[in-house]
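Per my numbering, the sequence shown starts with residue 137, numbered consecutively.
Here's the structure we're looking at; comments come further down.
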Amino acid sequence: MKKFSQIISAVFSPIVVPTYAVVIALWCSRLMFLPLNVRWHVVLLVFCITAIVPLVAILCLKKLGVVTDPGLNNRSERTIPYIITGLAYAACAVYLWRANAPGWLWLFMVGATVATLVSGVVNRWWKISAHMAAMGGLVAIMFRILGIGMAAPGVPFLLLTSLVVIAAGAVGTARVFLNRHTLLQVIAGAANGFICVYLLSAF
137 MKKFSQIISA VFSPIVVPTY AVVIALWCSR LMFLPLNVRW HVVLLVFCIT
187 AIVPLVAILC LKKLGVVTDP GLNNRSERTI PYIITGLAYA ACAVYLWRAN
237 APGWLWLFMV GATVATLVSG VVNRWWKISA HMAAMGGLVA IMFRILGIGM
287 AAPGVPFLLL TSLVVIAAGA VGTARVFLNR HTLLQVIAGA ANGFICVYLL
337 SAF
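Given below as structure tokens:
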């Protein structure tokens, strides 16, 4: 069970969840009708900005001795990575906006940015779950796509949304099982991500 929980935590790391969201948006919403090369170009750039940049930064911080664990399990070491990740998410939001992405998509990244900043502030006193903030945001964008009728025809989007919700539950369970967070920290993280993304993607 421990190994499974570690795998779940790695697969749904906060730095890769935004890429999953964009993949779903580009292949399972009405944006799937965009040219394939355009969609792959967007996904690659989003992955580089929101995953590679924070990962390289965290590894550099470890080499400099600022953080001791790339998994950032020490609450006191999370502040700088939160700031870097928040800036990366904000840069991604600007990129999507300038690329003429629909409002709900680039505002998803704005919501993710705000959720990351909220997590960073709360983290000064309490170890809120970043994993669940990411998963809460992913669930929120699924609900938003359903709510505005942007699900692609022929795609079982309701089933896909259900699977994402189940995945979020699995991630939360894994974080508690690994003693990375309490149940309340997991719930608070999920609420933070969901509320920020769902509300901001409505504008």
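Even for Gly, the Cβ is constructed at its ideal location relative to N, Cα and C.
In this text the structure is predicted, and so the values were computed from the model without any measurement.
Around the beta carbon of ASN328, 16 or more other beta carbons lie within 10 angstroms, which makes this residue buried. The way I'd put it, the region 285 to 305 does touch the region 161 to 168; three or more beta-carbon pairs between them come closer than 8 Å.
Straight-line spacing of the CA atoms in LEU200 and ILE220 works out to 15 Å.
ARG175: member of the alpha helix (DSSP H) spanning 172 to 183, first to last residue. LEU232 is classed as buried because its beta carbon has at least 16 other beta carbons within 10 Å across all chains shown.
Taking the Cα of LEU335 as reference, the smallest distance to any Cα among LEU320, LEU319 and ARG280 is reached at ARG280.
Rounded to the nearest whole angstrom, the C-alpha separation of PHE313 and SER265 is 13 Å. Exclusion of the five residues before and after ALA193 leaves ILE220 as the residues of its chain whose Cβ lies within less than 6 Å of its Cβ. With a contact defined as Cβ atoms closer than 8 Å, VAL178 and GLY273 miss out at about 18 Å. C-alpha of ALA146 to C-alpha of ALA235: approximately 30 Å in a straight line. Burial is judged here by how many other beta carbons sit within 10 angstroms of a residue's own beta carbon; CYS228 has at least 16 and is buried. Counting only the Cα atoms, LEU172 lies some 34 Å from GLY308. For ALA338, the number of other beta carbons within 10 angstroms of its own is below 16, and it is reported as exposed. As DSSP reads the structure, ALA287 sits in a beta bridge with SER165.
One thing to note: MET268 has its Cβ within 8 Å of the Cβ of GLY325. DSSP, read as helix, strand or coil, puts LYS263 in coil.
Sequence-distant partners of ALA310 (beyond 5 residues in either direction) whose C-beta falls short of 6 Å from its own C-beta, in its chain, are SER141, ILE144 and SER145. Measuring C-alpha to C-alpha distances from PRO190 to each of ASN210, VAL203, PHE169 and GLY222 identifies GLY222 as the nearest.
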